[in-house]
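Chemist: Starting off with a structure, shown below.
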Amino acid sequence: MEDSTNFNQFNSETNSKFVLLKMSRDMNFISIIGIIYGAIQSISIIGAVVGLPIIFACLRLKEAAEAFRHFSSTEDKNALTFAFEKQARSFEILRILIIVSLIFYGLLIIALLFILIPFISNLNHYDFK
Numbered sequence: 074m075e076d077s078t079n080f081n082q083f084n085s086e087t088n089s090k091f092v093l094l095k096m097s098r099d100m101n102f103i104s105i106i107g108i109i110y111g112a113i114q115s116i117s118i119i120g121a122v123v124g125l126p127i128i129f130a131c132l133r134l135k136e137a138a139e140a141f142r143h144f145s146s147t148e149d150k151n152a153l154t155f156a157f158e159k160q161a162r163s164f165e166i167l168r169i170l171i172i173v174s175l176i177f178y179g180l181l182i183i184a185l186l187f188i189l190i191p192f193i194s195n196l197n198h199y200d201f202k
């Protein structure tokens with residue numbers, strides 16, 4: 074109970090705007106770095122499979138950061154809703170990409186084991202003298 078009374082006395086509006094602006098700056102930075110990383114990944118054909126979804130997710134994150142910044146200055150509820158929608162879409166793209174990547178790497182490890190185990194077992198049959 075005591076914590077809730079202290080919370081009500083705290084000037085949360087100024088603190089919330091500061092946190093919101095800092096978060097939008099961080100989101101903007103992450104989105105720019107992610108777009109650059111996705112572009113570098115997309116140079117190769119195989120890398121484009123991973124790079125393009127990263128670029129799309131980071132573009133949604135950049136749009137969300139701009140909407141959060143707009144909300145902090147105007148307190149437009151539509152901007153806040155738009156920001157949450159874009160941020161959720163970014164997380165959805167990244168979640169799918171992570172799941173697909175984990176499945177791919179799991180299958181790659183299994184395939185390497187099936188290739189390496191017979192190769193290693195055949196090394197005993199060779200005379201290296």
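The opening position of the sequence shown corresponds to residue 74 in the working numbering, with each subsequent residue numbered one higher. Ideal Cβ placement from N, Cα and C applies to all residues, glycine included.
Work out the CA separation of L196 and I166 for me, nearest whole Å.
Modeler: Your numbering for residue 166 matches position 93 in the sequence shown. Your numbering for residue 196 matches position 123 in the sequence shown. Using only the alpha carbons, I get a separation of about 45 Å.
Chemist: Figure out for me which residue from M100, Q160, S174 and L180 has the closest Cα to the Cα of G120.
Modeler: Translated into positions along the sequence shown, residue 120 becomes position 47. Minimum Cα distance to G120 is reached at S174.
Chemist: How about S194: is its C-beta nearer than 9 Å to some C-beta of chain D?
Modeler: Within the model displayed, chain D is absent; a lone protein chain is all it includes.
Chemist: Just the C-alpha distance for S163 and F129, rounded to the nearest angstrom, thanks.
Modeler: Within the sequence shown, residue 163 is the residue found at index 90, counting from 1. Within the sequence shown, residue 129 is the residue found at index 56, counting from 1. Distance between the alpha carbons of S163 and F129: 8 Å.
Chemist: Span of the alpha helix (DSSP H) holding L196?
Modeler: Translated into the one-based positions of the sequence shown, residue 196 becomes position 123. Taken as a continuous stretch (DSSP letters only), L196 belongs to no alpha helix (DSSP H), as it is neither H nor E.
Chemist: Using the C-alpha atoms, what's the distance from S117 back to S97?
Modeler: Along the sequence shown, read from residue 1 onward, the residue named residue 97 stands at position 24. Along the sequence shown, read from residue 1 onward, the residue named residue 117 stands at position 44. The alpha-carbon atoms of S97 and S117 are separated by roughly 31 Å.
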